[in-house]
Amino acid sequence: MKTTCLIFVAFAFAAFAFGKHHKSKDGFVSLYNGKDLTGWKTTGNWIPQKDGSLLIQPRPGEKGWQRYDDYLTSVKKYKDFILEVEYKYPKGGNSGVYFRIGNPKDPVKTGIECQVLDSYGKPDDKMGHHDHGGIIRTVGPSKNMSKKPGEWNKMIVTCKGHHLQVNLNGEKIIDHQLDKKGEGKNSGVSDRPLEGYISLQDHGEPNNLHFRNIRIKEL
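Written out as structure tokens, the structure is:
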């Protein structure tokens, strides 16, 4: 009886360990399990939902920019990778997908941000680095691929060395060398490390942004 129990426990533990680190057939690993914040750190109010998505919501009494620094940050660093993130924003919603963050306490100055913003309906030629899909302080998207508020967007960020590509809703909108100067008067992010943490931004109200299917493939 005792031997049988020990074998069962050992098998169960091995299965859990395998499942935790198992890659899908396409080589991607899920960064969010749809249930809790395992693998992440945050001081914010990121709430797992029954549908498997992750919701940003203010706590009672919190308003606007009081939650500006409540990022959700990976516990692991990543260097070269393909990162997939799906999300939907309310009207006027604002967030950001950060990567290669050197110091989690200062992602703005030590990381790279791909903007998440309700830019729906804005003309392509008016899109800048602060609009949806733009790389902040670096380069704007080549095209506005924003979905309507309330609809799911899919962003794919590919980093390999200094080469960065961003695909939004099926269209390549960023193709940039990170060691080069930014577009126009933008300073660029050539001083950022080539390895770092991944983070999602709580930008304050309007909030109620949902994230799901956060996956990564290391290159």
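So in the working numbering the end of the sequence shown lands on 219, straight run, no missing numbers.
Glycine is no exception: its CB is placed at the ideal position from the N, C-alpha and C atoms.
Since residue i is in the beta strand (DSSP E), which residue starts that stretch and which ends it?
{"i": "residue 48", "result": "46-48"}
{"i": "residue 155", "result": "153-160"}
{"i": "residue 76", "result": "72-78"}
{"i": "residue 81", "result": "81-88"}
{"i": "residue 165", "result": "163-168"}
{"i": "residue 175", "result": "171-177"}
{"i": "residue 219", "result": "It is not in any beta strand (DSSP E) - residue 219 carries neither H nor E in the DSSP assignment."}
{"i": "residue 196", "result": "196-200"}
{"i": "residue 98", "result": "94-101"}
{"i": "residue 56", "result": "54-56"}
Below 8 Å on the Cβ atoms is my guess for residue i versus residue j; work out the distance and round it to an integer in Å.
{"i": "residue 140", "j": "residue 129", "result": "5 Å"}
{"i": "residue 164", "j": "residue 174", "result": "6 Å"}
{"i": "residue 31", "j": "residue 212", "result": "Residue 31 to residue 212, Cβ: 11 Å. No contact."}
{"i": "residue 217", "j": "residue 28", "result": "5 Å"}
{"i": "residue 87", "j": "residue 108", "result": "With 8 Å as the limit, residue 87 and residue 108 do not qualify as a contact, their Cβ atoms being about 20 Å apart."}
{"i": "residue 72", "j": "residue 208", "result": "At roughly 15 Å, the Cβ-Cβ gap does not stay under 8 Å, so residue 72 and residue 208 are not in contact."}
How far does the alpha helix (DSSP H) with residue i in it reach, from first residue to last?
{"i": "residue 108", "result": "107-110"}
On the CB-based measure, 16 or more other CB atoms within 10 Å of its CB, does residue i come out buried or exposed?
{"i": "residue 83", "result": "buried"}
{"i": "residue 219", "result": "exposed"}
{"i": "residue 110", "result": "buried"}
{"i": "residue 59", "result": "exposed"}
{"i": "residue 75", "result": "exposed"}
{"i": "residue 158", "result": "buried"}
{"i": "residue 4", "result": "For residue 4, the pLDDT reaches just 49, beneath the cut-off of 50, and the residue's location in the model is therefore unreliable, although a value from the coordinates is still provided. It counts as exposed."}
{"i": "residue 151", "result": "exposed"}
{"i": "residue 202", "result": "buried"}
{"i": "residue 138", "result": "buried"}
{"i": "residue 162", "result": "exposed"}
{"i": "residue 11", "result": "Annotation note: pLDDT 43 at residue 11 (below 50); position unreliable, coordinate value reported separately. Answer is exposed; the Cβ neighbour count stays below 16."}
{"i": "residue 133", "result": "buried"}
{"i": "residue 182", "result": "buried"}
{"i": "residue 21", "result": "Residue confidence is low: residue 21 scores 48 on pLDDT, short of 50, so the model does not pin down where it sits. Its coordinate-derived value is still stated next. The residue is exposed, with fewer than 16 neighbouring Cβ atoms inside 10 Å."}
{"i": "residue 95", "result": "buried"}
{"i": "residue 198", "result": "buried"}
Could you check whether residue j and residue i sit closer than 9 Å to each other, using their CB atoms as the reference points?
{"i": "residue 200", "j": "residue 97", "result": "yes"}
{"i": "residue 91", "j": "residue 118", "result": "yes"}
{"i": "residue 172", "j": "residue 166", "result": "yes"}
{"i": "residue 39", "j": "residue 52", "result": "no"}
{"i": "residue 169", "j": "residue 146", "result": "yes"}
{"i": "residue 136", "j": "residue 101", "result": "no"}
Please tell me whether residue i has its Cβ less than 9 Å away from any Cβ of chain B.
{"i": "residue 74", "result": "No chain B appears in this structure, which consists of one protein chain only."}
**Prompt:** Are the stretch 182-196 and the stretch 49-65 touching, with three or more C-beta to C-beta distances below 8 Å?
**Reply:** Per the Cβ contact rule, the stretch 182-196 is not in contact with the stretch 49-65 (fewer than 3 Cβ pairs under 8 Å).
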